[in-house]
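Participant:
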Amino acid sequence: MSELATARPWNRDDPDPDAPVPDEEPDDWWDDPDGEPDDLWDDGPWTGEGEAFAAGFLHHNRAGRYGTGFASGGELDELDPGPQLATYLAAQTLSGHAVLGESELIGVLCAWQRVAAWAAAGQVAAINALSARRRAQARQLQNPHLAEHVTDEVAAALVLTGRAAAGLAGDAAALARLPQVHAALSAGRIDWRRAVVFGTELAALGDHDANQIAGQILPEAGRLTTSQVRRLLRRAVLDHDPAAADRRAKDAAADAEVQVWAEPSGNAALAGRELPESDVIVADRRLTALARWLSDRGAPGTIQQLRARVFTALLTDRPVQSLLPAGMPGTEGPPAAAAEVPAVTGVINLTLPLSTWGGLSCESGEIAGHGPAPAGTCTSLAARMAENPATRWCLTLTTPAGQAVAHACSPRGRPPPAGPSALAWAIGLAPAMAWLETGTCTHQREEPGYRPSARLAHLIRIRQPACCHPGCGRPAQRCDLDHTIPYEQGGRTCECDLAPTCRQHHRAKQAPGWHLTQDQPGRMQWTLPSGRRYRPAIIGYPA
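Numbering of the sequence shown is given in the working numbering, commencing with residue 533 and proceeding in unit increments.
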């Protein structure tokens, strides 16, 4: 049993075991009473049977019958990008894409992505060869100016602005020192956007360390979104050399500034750059909390619109109460007598290894909705939160890969003590530890009603900290808790049938041709109208 402990503050965004659970979207209002999903086809989603070319892509999970050509498991489904695949694509789409069958269209879409990646790798190689040639000529002729205008040549050849050409040349140079990443791009295992993320996130490391980290992330990169790849790379860089990360942040702080620019719409923008990370996170949550305070009191507009109004009000020395409509609670009487805005700092959901909190390591943590953060930022935030008696602190045990296996929470206002005694705090929570269901569910926490209790809802969100749709990064705190098998069709209010699903993908799951299964607690599989089946990648906690 792995026992990597993670201390996780529980704030007001986390369900309190004694608090009511908010309403969620009704389950599967488009499903048939017999439990089978409605389809647009008489015989279920199209599998590619009978098509000359059907759907598929290298990293997709195969299931059911295989086809030929672009079908799942077909010869073109696994064909590396290059002239041959480009020729097959051109022939298959000669009459246009509209004539393709359901699964053919998805297979061709994925094949175009592989060819585009291969072409991007070729362009990178050409730019790097041009740069190397100009440097060699500069040495040979002892004229350094020959190597100074490569980006100008690229700009002229590709009709780009100087900034765009410099960005492209910089990305090409970053991949020149990451041969594994360039090879994966050329083979179509990752696309151009993912390759750029590798180059950007590893730029501060030496060649050896950068390639070592790239080799750890690349095998799964094709199954992850760019934001997920960035998250894993950033966490790996932070953990590799925490002191270097701190130095980079301090050096960049010298360039702190507030920028102003005009928007194309005729409005304007205002942004602070290179600010202390913990201050920015607290300020961001404070804007949201104040926006919700206004919304609860009748101020019109979305939360984002209200955040913007609060932002400008605070900077222009206007009270936040002035944003309330006349006659609303909080506006009566002179300004001094008007109801005061509550002293809030916003809600922060922070995860960090217990060893970091105890000062025994410098491993990075994670801030929900923000991403990996250095140990210093996390401990600074945790110290601020410890001052609030309403903060609830939790302990999550994870596997070495960061997957949650058990969880317990302490009473409010009792954070783990700083220093080595934090371990004693964690041991004291052992009797309250709830072990999450894995494999065959025992249903020990099954509940009779439709809506899960706050305690069960909290455990589900700990197990899956984001929406269960492949690639969706919306935090579980802002998702519905969806019954995979609808409750009215026999679904259980249990760990084996609940999962966080954002409102967008909750509705997608209920659309004709879409279907979601959960064969083990937290192990999801989506079937889409093309018949393709997808499992979301599991991105765990800091480990």
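Quick reminder that beta carbons are idealized off the backbone N, C-alpha and C, glycines included.
#1: For residue 595, count neighbouring C-beta atoms within 10 Å of its own C-beta (all shown protein chains included) and say buried if the count is 16 or more, exposed if not.
#2: Using DSSP bridges, identify the partner residues of residue 1015.
#3: Give me, in chain order, the residues of the same chain whose beta-carbon lies closer than 7 Å to that of residue 971; leave out the 5 immediate sequence neighbours on both sides.
#4: Can residue 948 and residue 954 be called in contact, C-beta distance under 7 Å?
#5: Please name the residue in 1025, 629 and 1034 whose C-alpha comes closest to that of residue 985.
#6: Which of helix, strand or coil does DSSP assign to residue 751?
#7: Candidates 699, 740 and 758: which alpha carbon is nearest residue 727's?
#8: Check each candidate in 672, 761, 697 and 1036 and name the one with the smallest Cα separation from residue 1072.
#9: Go ahead and label residue 797 buried or exposed: buried means 16 or more other beta carbons lie within 10 angstroms of its beta carbon, across all protein chains shown.
#10: Are the C-beta atoms of residue 985 and some chain D residue less than 7 Å apart?
#11: Looking at the unbroken alpha helix (DSSP H) that takes in residue 941, where does it start and where does it end?
#12: Does residue 1049 come out as helix, strand or coil in the three-state DSSP assignment?
#13: Please work out which residues of its chain come closer than 6 Å, Cβ to Cβ, to residue 1069, disregarding the five sequence neighbours upstream and downstream, and give them in chain order.
#14: Roughly how many whole angstroms lie between the Cα atoms of residue 1011 and residue 743?
#15: Looking only at C-alpha atoms, which of 952, 623, 925 and 933 sits nearest to residue 940?
#16: What does the Cβ neighbour count give for residue 1074, buried or exposed, with the cut at 16 atoms within 10 Å?
#17: To the nearest angstrom, how far is it from the Cα of residue 769 to the Cα of residue 942?
#18: Could you have a look at residue 965 and say whether DSSP puts it in helix, strand or coil?
#19: Taking just the CA atoms, how far does residue 905 sit from residue 749?
#20: Return the CA-CA distance between residue 1021 and residue 1059, expressed in angstroms with no decimal places.
#21: Reducing DSSP to helix, strand and coil, say where residue 835 ends up.
#22: Measure the Cβ-Cβ separation of residue 897 and residue 883 and say whether it is below 7 Å.
#23: Measure the Cβ-Cβ separation of residue 613 and residue 747 and say whether it is below 7 Å.
#24: By Cβ distance, which residues of its chain are closer than 8 Å to residue 981, with the 5 residues on each side in sequence left out?
#25: Look up residue 982 in the DSSP assignment and say whether it is helix, strand or coil.
#26: Once the 5 residues before and after residue 686 are set aside, which same chain residues still bring their CB inside 8 Å of it?
#27: Going by DSSP, what residue range makes up the alpha helix (DSSP H) through residue 910?
#28: Any idea what DSSP makes of residue 566, helix, strand or coil?
#29: What does the Cβ neighbour count give for residue 1037, buried or exposed, with the cut at 16 atoms within 10 Å?
#30: For residue 615, report the span of its alpha helix (DSSP H) as first-last.
#31: Apart from the five residues just before and just after residue 733, which ones in its own chain have a Cβ nearer than 7 Å to its Cβ?
#32: Can you tell me whether DSSP reads residue 791 as helix, strand or coil?
#33: Within 10 Å of its beta-carbon, does residue 782 have 16 or more other beta-carbons around it, so buried, or fewer, so exposed?
#34: Whose CA, out of 836, 678, 714 and 656, lies closest to the CA of residue 690?
#35: Mapping the DSSP letters down to three states, classify residue 882 as helix, strand or coil.
Facilitator: Result, derived from the coordinates:
#1: Summary for residue 595: the model assigns pLDDT 45, below 50, so the residue's position carries little reliability; its value from the coordinates is reported in the next sentence. By the neighbour-count criterion, in which a residue is buried when 16 or more other Cβ atoms sit within 10 angstroms of its Cβ, residue 595 is exposed.
#2: DSSP output for residue 1015 lists 1030 as bridge partner(s).
#3: The residues are 1052.
#4: Cβ distance < 7 Å, so residue 948 and residue 954 count as in contact.
#5: From the listed residues 1025, 629 and 1034, the smallest Cα separation to residue 985 is found for 1025.
#6: Residue 751 falls in the helix class under three-state DSSP.
#7: Per the Cα distances, 758.
#8: It is 761.
#9: Counting Cβ neighbours within 10 Å, residue 797 comes out exposed, since fewer than 16 surround it.
#10: Here chain D cannot be found, since the structure has a single protein chain.
#11: Where residue 941 is concerned, there is no enclosing alpha helix (DSSP H), although the beta strand (DSSP E) it sits in stretches over 936-941.
#12: Of the three classes helix, strand and coil, the one that applies to residue 1049 here is strand, per DSSP.
#13: Cβ contact annotation for residue 1069 (same chain, cutoff 6 Å, sequence separation greater than five): 755 and 756, in chain order.
#14: One C-alpha to the other measures close to 36 Å.
#15: Comparing Cα-Cα distances from residue 940 to each of 952, 623, 925 and 933, the minimum goes to 925.
#16: Per the 10 Å Cβ criterion, buried.
#17: Each residue's Cα considered, the two are about 32 Å apart.
#18: When secondary structure is reduced to three states using DSSP, residue 965 falls in the coil class, being assigned neither helix nor strand.
#19: A direct Cα-to-Cα measurement between residue 749 and residue 905 gives close to 18 Å.
#20: When rounded, the distance between both Cα atoms is 19 Å.
#21: Helix.
#22: When the beta-carbon positions are compared, residue 897 and residue 883 come within less than 7 Å of each other.
#23: Going by C-beta atoms, residue 613 is not nearer than 7 Å to residue 747.
#24: The residues are 1025.
#25: Shown here, residue 982 sits in coil according to DSSP, grouped into three states, outside any helix or strand.
#26: Cβ contact annotation for residue 686 (same chain, cutoff 8 Å, sequence separation greater than five): 659, 662, 692, 697, 700 and 701, in chain order.
#27: Residue 910 -> alpha helix (DSSP H) spans 907-918.
#28: Per-residue confidence for residue 566 stands at a pLDDT of 37, beneath the threshold of 50, marking its modelled position as unreliable; no derived number is given.
#29: Residue 1037 is classed as buried because its beta carbon has at least 16 other beta carbons within 10 Å across all chains shown.
#30: According to the DSSP assignment, residue 615 belongs to the alpha helix (DSSP H) that extends over 615-624.
#31: The residues are 762, 765, 766 and 769.
#32: For residue 791, the secondary structure class from DSSP, reduced to helix, strand or coil, is strand.
#33: Under this definition residue 782 is an exposed residue.
#34: Closest option to residue 690, Cα to Cα, is 656.
#35: Three-state DSSP puts residue 882 in a strand.
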